[in-house]
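Quick note: the sequence shown, position 9, residue 9 per the UniProt record's numbering, numbers continuous.
Heads up, the beta-carbon is just placed ideally off N, CA and C, and yes, glycines get one too.
All values derive from a computational prediction rather than experimental measurement.
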Amino acid sequence: MKQENPLLDISKLPLFSQIKPEHITPALDVVLQDNRAWLAKALDGATGFTWNTLVAPLNETSNRLERMWSPVSHLNAVANTDELRKEYNANLSRLSDYHTELGQNAGLYQAIETIRSDEAGLDAAQQKSLDDSLLGFKLSGVALPAEQKERFRVISQELSQLTSRFSDNVLDATNAWTKQILDVNALAGLPDSALEMAAQTAKQRDMEGWVITLQFPSYFPIMTYADNRELRAEVYRAYTTRASELGTNADWDNTQVMRDILRLRQEEATLLGYANFAELSLATKMAESPQQVLDFIDDLARKAKPFAETEFAEVEAFAREQLGLADVQAWDVGYVSEKMKQARFDFSEEDLKPYFPADRVISGLFALVQKLFGVRIEQQTGHIDLWHRDARFYLVYDRTDTVQACFYLDLYARQHKRGGAWMSDFCGRFLRADGLQIPVAFMTCNSSAPVGDKPALFTHDEVVTLFHEFGHGLHHMLTQVDYPDVAGINGVEWDAVELPSQFMENWCWERSVLDMIAAHWQTGEALPEALFQKMQASRHFQTAMATVRQLEFSLFDMCLHLDPQAAEPGRLEVIRQEVLEQVAVIKPPAFNRMPNSFSHVFAGGYAAGYYSYKWAEVLSADAFARFEEEGLFDAGVGAAFLQEVLQVGGSRKAMESFVAFRGRKPEVDALLRHSGLTA
Numbered sequence: 001m002k003q004e005n006p007l008l009d010i011s012k013l014p015l016f017s018q019i020k021p022e023h024i025t026p027a028l029d030v031v032l033q034d035n036r037a038w039l040a041k042a043l044d045g046a047t048g049f050t051w052n053t054l055v056a057p058l059n060e061t062s063n064r065l066e067r068m069w070s071p072v073s074h075l076n077a078v079a080n081t082d083e084l085r086k087e088y089n090a091n092l093s094r095l096s097d098y099h100t101e102l103g104q105n106a107g108l109y110q111a112i113e114t115i116r117s118d119e120a121g122l123d124a125a126q127q128k129s130l131d132d133s134l135l136g137f138k139l140s141g142v143a144l145p146a147e148q149k150e151r152f153r154v155i156s157q158e159l160s161q162l163t164s165r166f167s168d169n170v171l172d173a174t175n176a177w178t179k180q181i182l183d184v185n186a187l188a189g190l191p192d193s194a195l196e197m198a199a200q201t202a203k204q205r206d207m208e209g210w211v212i213t214l215q216f217p218s219y220f221p222i223m224t225y226a227d228n229r230e231l232r233a234e235v236y237r238a239y240t241t242r243a244s245e246l247g248t249n250a251d252w253d254n255t256q257v258m259r260d261i262l263r264l265r266q267e268e269a270t271l272l273g274y275a276n277f278a279e280l281s282l283a284t285k286m287a288e289s290p291q292q293v294l295d296f297i298d299d300l301a302r303k304a305k306p307f308a309e310t311e312f313a314e315v316e317a318f319a320r321e322q323l324g325l326a327d328v329q330a331w332d333v334g335y336v337s338e339k340m341k342q343a344r345f346d347f348s349e350e351d352l353k354p355y356f357p358a359d360r361v362i363s364g365l366f367a368l369v370q371k372l373f374g375v376r377i378e379q380q381t382g383h384i385d386l387w388h389r390d391a392r393f394y395l396v397y398d399r400t401d402t403v404q405a406c407f408y409l410d411l412y413a414r415q416h417k418r419g420g421a422w423m424s425d426f427c428g429r430f431l432r433a434d435g436l437q438i439p440v441a442f443m444t445c446n447s448s449a450p451v452g453d454k455p456a457l458f459t460h461d462e463v464v465t466l467f468h469e470f471g472h473g474l475h476h477m478l479t480q481v482d483y484p485d486v487a488g489i490n491g492v493e494w495d496a497v498e499l500p501s502q503f504m505e506n507w508c509w510e511r512s513v514l515d516m517i518a519a520h521w522q523t524g525e526a527l528p529e530a531l532f533q534k535m536q537a538s539r540h541f542q543t544a545m546a547t548v549r550q551l552e553f554s555l556f557d558m559c560l561h562l563d564p565q566a567a568e569p570g571r572l573e574v575i576r577q578e579v580l581e582q583v584a585v586i587k588p589p590a591f592n593r594m595p596n597s598f599s600h601v602f603a604g605g606y607a608a609g610y611y612s613y614k615w616a617e618v619l620s621a622d623a624f625a626r627f628e629e630e631g632l633f634d635a636g637v638g639a640a641f642l643q644e645v646l647q648v649g650g651s652r653k654a655m656e657s658f659v660a661f662r663g664r665k666p667e668v669d670a671l672l673r674h675s676g677l678t679a
């Protein structure tokens, strides 16, 4: 059986086409059984542990589990089926139990404590790895009495199931809603690209006319361009009530799921001696306390909100005076704003799309990365086993033409694929006994797919998203750390993990980089200077409103996890209302159920950590400012960012890496300037 199960052949890349749901449980059985047997034998009566006799082989067992499980987790996100989901969810509690068991193993904890106390034999990265491990043991309840350990185990198990159910409900609710349009006049205002996509969606579903879905590339054009206000309101309502009691199916309502998650997180925090989950979450982050985070949000909000209020007042005035719209509702804001942008700058996002064909953007991104960091990227075709015809596979070569890493890229939105964009990994860099394991990443977006015989044409926002995820990928792939717990993104404080990703976004606005990534898909013409100038002029259009919206999400998340009573019926809604009154400029309608699809916080690892985006944006803007000061393509600056940030991964504290690159601690000025929030 071992030979026949593709999930157990971990010596090479995943065989996606051969992986079946029925392989999952037997493969996990084998790996968990082997791992447990090894650990019991390793700890049985042994003493005098060292890194090489305990930590390195322990890392081997973790690596084997990751290489077995990560293809399953990836397929569940990008090629979801009922059968796969059932097997995936059935095994989550077993995985959770295993990790809790490891984290609560007092013998293992003591052995690692002993190894850590002998600093003479350890390098700095090994010391950081062991420090992180020891904190992990404490946060897994290693010091709890037996009864509380068991309760912690049950909580962890239930949370893994609940967060997965939250995600499943959002996916199902998103996929279930469609609207068929038979009269094209109902879609007046939509650009040709959106109409062609809607027609193609209808054709793919064997339906007449045009079909709108809640996938973002379909939803966004409706909210931005559709003249039909009733249609915008209907689509907005469908989107913002997903996975709620107001949605299409009561089985997908996340209301009780959210309460259960909040209740269990609070109980977990209490067990570990924290007043609330926010304190527990921050134990592994740069921010030192919830109050420091609240002060950070409050400071940015005070700077941004007056600008945002002015921006929204301009929206209301334009709607009233130019469009005859007296009461601007949430489903009008995107539409009115787009009309304003066109009137003010003679510019629309749609004007840029012909200049961003997917292949040109990708080849330009690779050229930029080669220029900055000296790595060459080449696509591999033919013998690579992929999960979908749109997925691609690439090799990353270093300056000596040695393969340093590889990655999969899955760009387009489709059915049975979770929304959003993310980077995850198949495996990380690891110097094993039998040689170096190189990092392998999965990079996933939900961008506009090709329509008919046209290539995929990206909005500038989609280009920015691709660059963002690629920044995470670079962090994972370019590491030079040999110990998996602190290689690449591993071991990096969560509120610093967005530094490389948000750093990469800045390049999408530079003329020299746009010349690399932009060319008209039919003529090959470079982005016209007049269009570039309009794009630059509109760069700060409504950035304050966007900033305040991110602060709203950050504050809501933090307040939820600061409140021990947040799981009580109605409490979440009260907290949200208080946050809206404090920071929001656009007040959503009463039916809006944004929390019910807030996957970052309820299913994606950002609980009491959503502020990380803004926190890390301070770091990324300040880091990019050094390139602006010394030369965008200055070889020394690029090499310094590579060496002091990307290559060191989590082998030292994020602040130390930032200071090593910048020469000082971060300052907020660059972020305010990049966001247009300076008077």
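{"Asked": "Throw me the rounded Cβ distance for the Ser17 and Asp390 pair, which I believe falls under 8 Å.", "Found": "The Cβ separation is near 15 Å, so there is no contact."}
{"Asked": "Short check: CB of Gln128 to CB of Lys665, under 9 Å?", "Found": "For the record, residue 128 in the displayed sequence is Lys; it is not Gln. No, these two residues do not count as a Cβ contact at 9 Å."}
{"Asked": "Thinking C-beta only, is Val648 closer than 9 Å to Gln480?", "Found": "yes"}
{"Asked": "Tell me the rounded alpha-carbon separation between Phe356 and Phe458.", "Found": "5 Å"}
{"Asked": "Looking only at DSSP bridge pairs, what is Glu378 linked to?", "Found": "Leu395"}
{"Asked": "Would you tell me roughly how many angstroms separate the C-alpha atoms of Ile297 and Tyr611, rounded to the nearest one?", "Found": "8 Å"}
{"Asked": "Mark His674 as exposed unless 16 or more other C-beta atoms lie within 10 angstroms of its C-beta, in which case mark it buried.", "Found": "buried"}
{"Asked": "May I ask you to report which of helix, strand or coil DSSP gives Gln370?", "Found": "helix"}
{"Asked": "For Ala496, which residues of its own chain have a beta-carbon under 7 Å away from its beta-carbon, when the five flanking residues on both sides are left out?", "Found": "Met286, Ala616, Leu619, Ala654"}
{"Asked": "For Gly636, which residues of its own chain have a beta-carbon under 7 Å away from its beta-carbon, when the five flanking residues on both sides are left out?", "Found": "none"}
{"Asked": "Is the region 129-140 touching the region 177-193, taking contact as three or more C-beta pairs under 8 Å?", "Found": "no"}
{"Asked": "The ligand MG and Thr47: does the residue's C-beta get closer than 8 Å to at least one heavy atom of that ligand?", "Found": "No copy of the ligand MG appears in this structure; indeed no ligand is present at all."}
{"Asked": "Tell me, please, whether the region 516-528 touches the region 568-581 by the rule of three or more beta-carbon pairs shorter than 8 Å.", "Found": "no"}
{"Asked": "Could you compute how far the alpha carbon of Glu552 sits from the alpha carbon of Arg36?", "Found": "44 Å"}
{"Asked": "If you draw a straight line from the alpha carbon of Gly676 to that of Glu311, how long is it in whole angstroms?", "Found": "12 Å"}
{"Asked": "Would you tell me roughly how many angstroms separate the C-alpha atoms of Asp557 and Ala413, rounded to the nearest one?", "Found": "27 Å"}
{"Asked": "Between which two residues does the beta strand (DSSP E) harbouring Phe426 extend?", "Found": "422-427"}
{"Asked": "Could you tell me which residues DSSP pairs with Asp192 in its beta bridges?", "Found": "Per DSSP, none; premise fails for Asp192."}
{"Asked": "Determine the direct distance from the alpha carbon of Ala278 to that of Phe467, and round the result to whole angstroms.", "Found": "30 Å"}
{"Asked": "In angstroms with no decimal places, state the Cα-to-Cα distance between Ala639 and Asp398.", "Found": "13 Å"}
{"Asked": "With distances taken from CA atoms, which of Val72, Ala269, Ala56 is nearest Gln148?", "Found": "Ala269"}
{"Asked": "Exposed or buried, what is Leu671 when buried is set at 16 or more other beta-carbons lying within 10 Å of its beta-carbon?", "Found": "buried"}
{"Asked": "List the DSSP bridge partners of Ala301.", "Found": "Answer is none; Ala301 lacks a bridge partner."}
{"Asked": "Measuring CA to CA, which of Thr547, Leu632, Ala590, His540 is closest to Val513?", "Found": "Leu632"}
{"Asked": "Where do the ends of the beta strand (DSSP E) carrying Asp410 lie?", "Found": "403-412"}
{"Asked": "What's the call for Leu572, buried or exposed, on a 16-neighbour Cβ count within 10 Å?", "Found": "buried"}
{"Asked": "Just to confirm the assignment: which complete alpha helix (DSSP H) runs, minimum length 4, are found wholly within the UniProt domain \"Oligopeptidase A N-terminal\" (45-149)?", "Found": "56-78, 82-103, 106-117, 124-139"}
{"Asked": "Figure out for me which residue from Gln204, Lys86, Thr678, Glu245 has the closest Cα to the Cα of Lys20.", "Found": "Lys86"}
{"Asked": "Which value, in whole angstroms, describes the spacing of the CA atoms of Lys587 and Asp410?", "Found": "35 Å"}
{"Asked": "Do we get a CB-CB distance below 9 Å when we pair Glu113 with the residues of chain C?", "Found": "No chain C is part of this structure, which consists of one protein chain only."}
{"Asked": "Here's the rule: buried if 16 or more other CB atoms are within 10 angstroms of the residue's CB, otherwise exposed. What is Ser554?", "Found": "buried"}
{"Asked": "Taking the alpha-carbon of Leu135 as reference, which of Ser244, Thr224, Leu272, Asn59 has the nearest alpha-carbon?", "Found": "Leu272"}
{"Asked": "Give every residue of the same chain whose Cβ lies closer than 6 Å to the Cβ of Asn506, excluding the five residues on either side of it in the sequence, and list them in chain order.", "Found": "Phe624"}
{"Asked": "Look at the alpha carbon of Pro450 and the alpha carbon of Leu365, and state the distance between them as a whole number of angstroms.", "Found": "19 Å"}
{"Asked": "Starting from the C-beta of Glu22, find all residues in its chain whose C-beta is less than 8 Å away, skip the five residues before and the five after it, and write them out in chain order.", "Found": "Glu87"}
{"Asked": "Using a Cβ-Cβ cutoff of less than 7 Å, which residues in the same chain neighbour Glu630 once the five nearest sequence positions on both sides are dropped?", "Found": "Val637"}
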